[in-house]
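> The structure's right below; bear with me while I get my questions together.
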Amino acid sequence: MIYTNISINFIEEIIQEDINKGFPKKKLRFRFPPEPNGYLHIGHAKSICLNFGLAKKYKAFVNLRFDDTNPTKEENIYVNAIKNDIQWLGFIWDKECYASDCFEKLYKWAFQFIKEGKAYIDEQPQDIILKQRKTPFEPGIDSPYRTRPVRESLVLFKKMKDGKFEEGEGVLRAKINMKSANMNLRDPIMFRILKVIHQKTKNKWDVYPIYDWAHGQSDFIEKISHSLCSLEFENHRPLYEWYLKNIKKKERSKQIEFARLNISDTIMSKRKLYIVIKDGFVEDWDDPRLSSLRGLRRKGYTPESIRDFCHRIGISKRDNVINLKLLESSIREQLNKIAIRVMVVLNPLKLVIENYPEDKIEWFPAENNQESQKSGKRKIPLSKKLYIEREDFLEKATKTFHRLSIGKEVRLKNAYIIKGTGFLKESTGNIIEISAVYDTKSQSGSESSRRKIKCTLHWVDAIQTLDIETRQYELLFSLEVPDAKKYFLRFFNHHSLKIVHGYGEPFLRKVRPGEFFQFQRIGYFCVDQKSSSIIFNRTVILRQSHL
RNA sequence: AGACUCGUGGUGUAAUGGUUAGCACAUCAGGUUUUGAUCCUGAGAGAUAAGGUUCGAUCCCUUCCGGGUCUACCA
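Each number in the numbering used here corresponds to the 1-based position in the first sequence with 21 added.
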């Protein structure tokens, strides 16, 4: 999809302004900085589309930067998964970077800070440091180590790096302002000791930089012009700028914050995703009920639809909750154009055409997709016995029910017009078979088939059936914004996955994983890519009011 | 309580110091249709409040009100 809208979001406005003031276009560079401790979800997609979209528009580049400053939480397996997801979304990054690429430089700069009296080693335990920091509503108090000689800090920092300290025995702190109203400026920690193996630098380091100390400097080293992040980092911007200013380089990246994506009826918080996955509420990261990119992909969402969605939601600084229906509308719009229309009956009820010859089989042509001529046609068999949906029959029609009932006519899609004549009922009241007669002159395509019939039914021949397994996914929570609630699990829907078997037309015998279909009058389905057998995952139901 | 920040229909998001505030999704109604889908048409629905600046304010300023973030050796 190509977007040619005139209006630009506030971030692009800032960029445009920078350009107007003389910032060279070719120095524009963006970055997407995931932490390799989980899979990407649609919230990340918003950021990815923003950064890569901007880059595309201005012919600039995006670095993919793994924010690997915390080896206790990060794992290498996520790196490839993240790269794979970004590629799937359709974007190509310029440089693949790691925050750990900058460790050496960060260490040196830290030394420089100490020498200039802008940082010191604090040897107090964590809880004391926290207490001294106080709360946002009262000033903090200085650490007794704040005024220790530069020389001492220098020696200590070296020792920390050389492994002479245990975890928690010391940290490097920036000397800023313990009385600042911004907690981030109350002598934030720059380096802490972590005696673990880093997934990339292995055992080279015993000290690891904190996010704030690593991020802006990585931006600087990579020459990122505009560093876009979510709103919760607004309070970090003064620190971001303080660090950069004190490194004393002229060109600095600019941090701009925007509101992260929230979607109704789903969870996006990493913590919550971990819980439902680890505790077995869902299968894995690629469970189609999740809003992870892998989950959405498996459910049948296309990269185009996700990009389209990210474009539709816009960029601003307001907290927002986007209705899930907007996402669904994006995928419907695309699937409507590309999905092959087929007939599948999911809740079968047998129908016998009384006046149809016993051994006759006819094959009718059916369009694969009337939205696109080039998708071609296929043939569908019909014999005396077939299946229709149980919901498509009512003994006696009501005012709003114009499907099959006794004495009423409906059309069998691509075949004949039939009229209901009777039905067989069990003693329990359960209808087990319907009988009908067909209008022999009403074959689809013929002149006499053009009569106006109120309803067209999908159906599947009873002899030539193919067993179909579908997975239908419902909302995971009975709560509009589960992400906003701490006790979201109380609202977990334990029946969110329904395995439904049905009958499909023979055409479906040779489907391939990942192919998209529209089961007519039911919904869009996609062939599961993980399962060894053929399983149709329901992507989204059709927009409908009565069925 | 403090700092920072946000406030446009139900939900998102635009434009604008000046005739009827646009678009999308959602909702409702009608039309087309061999999918109650798609497609087409239409309708309802919006600036928290009070001051000020101005000939004129949704837009600029002040105050109020309401929401969010911040008290990690996470990111």
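Glycine residues also receive a C-beta, built at the ideal position from the N, C-alpha and C atoms.
(1) In this structure, what does DSSP give as the bridge partners for V458?
(2) Of all the alpha helix (DSSP H) runs that stay within the bounds of the stretch 23-111, which reach a length of 4 or more residues?
(3) Look at I268 and F241 and say whether their C-beta atoms are less than 8 Å apart.
(4) Beta carbon of E430, beta carbon of I474: below 8 Å?
(5) From K466 to P527, what does the alpha carbon distance come to, in whole angstroms?
(6) Which partner residues does D488 have in the DSSP bridge list?
(7) Let's test the definition: count the other Cβ atoms within 10 Å of the Cβ of S393 and tell me whether it reaches 16, buried, or not, exposed.
(8) Do you know whose CA, among T477, L518 and I489, lies nearest L497's CA?
(9) List in chain order: all unbroken beta strand (DSSP E) runs of 3+ residues lying wholly within the stretch 163-190.
(10) Are K200 and G138 touching if we call contact CB-CB under 8 Å?
(11) Where does W384 fall in DSSP's three states?
(12) Taking the alpha-carbon positions, what's the W306 to S313 distance?
(13) CB A66 to CB L127, shorter than 8 Å?
(14) Locate the alpha helix (DSSP H) running through P146, then write down its first and last residues.
(15) Would you mind working out which of L510, F158 and L61 sits nearest G301, comparing C-alpha positions?
(16) Contact defined as beta carbons within less than 8 Å: I believe L370 pairs with R411. What is the distance between those atoms, to the nearest angstrom?
(17) With distances taken Cα to Cα, identify the nearest neighbour of R169 among E95, R207, I142 and K155.
(18) Taking just the CA atoms, how far does G64 sit from L282?
(19) With a threshold of 8 Å on Cβ separation, who are the neighbours of K216 within its own chain once the five nearest residues in sequence on each side are excluded?
(20) Are three or more beta carbon pairs between the stretch 40-59 and the stretch 92-106 nearer than 8 Å?
(21) Taking the alpha carbon of Q238 as the reference point, which residue from C70, R530, S274 and D460 has its own alpha carbon closest?
(22) Mind checking H479: buried by the 16 CB within 10 Å criterion, or exposed?
(23) Give the single residue among N451, W384 and K440 whose Cα lies nearest to the Cα of Y459.
(24) Could you tell me the alpha carbon to alpha carbon distance between I327 and T449, rounded to whole angstroms?
(25) Is A436 near L403, with beta carbons less than 8 Å apart?
(26) Taking DSSP as the reference, what is the three-state secondary structure of S499?
(27) Once DSSP output is grouped into helix, strand and coil, what is the label at A195?
(28) Buried or exposed for E95, please, with buried defined as at least 16 other CB atoms from any protein chain shown within 10 angstroms of its CB.
(29) If the criterion is Cβ atoms closer than 8 Å, does the pair V373 and G525 meet it?
(30) Could you check the C-alpha separation between L249 and S396 for me, to the nearest Å?
(31) Which residue comes first and which comes last in the beta strand (DSSP E) that contains F279?
(32) Leaving aside the five residues before and after L407 along the sequence, list all residues of the same chain whose C-beta is less than 7 Å from its C-beta, in chain order.
(33) Grab me the residues of F330's own chain with a C-beta within less than 6 Å of its C-beta, minus the 5 sequence neighbours each way, in chain order.
(34) Look at L529 and I489 and say whether their C-beta atoms are less than 8 Å apart.
(35) Closer than 7 Å by C-beta to K221: which residues in its own chain qualify, once you throw out the five before and the five after it? Chain order, please.
(36) Taking only the alpha-carbon atoms, compute the straight-line gap between L345 and I334 and give it to the nearest angstrom.
Short version:
(1) K440
(2) 31-41, 63-78 and 98-110
(3) yes
(4) yes
(5) Looking at the sequence itself, residue 466 is Gly, so the reference to Lys does not match. Those two C-alpha atoms are separated by around 22 Å.
(6) Y524
(7) exposed
(8) L518
(9) none
(10) no
(11) strand
(12) 7 Å
(13) no
(14) Where P146 is concerned, there is no enclosing alpha helix (DSSP H), given that its DSSP letter is neither H nor E.
(15) L510
(16) 4 Å
(17) I142
(18) 5 Å
(19) G184, E187, E188 and D227
(20) yes
(21) S274
(22) buried
(23) K440
(24) 48 Å
(25) yes
(26) coil
(27) strand
(28) buried
(29) no
(30) 42 Å
(31) K275 to F279
(32) L372, W480, V481, D482 and A483
(33) L348 and S351
(34) yes
(35) D89, Y119 and S121
(36) 11 Å
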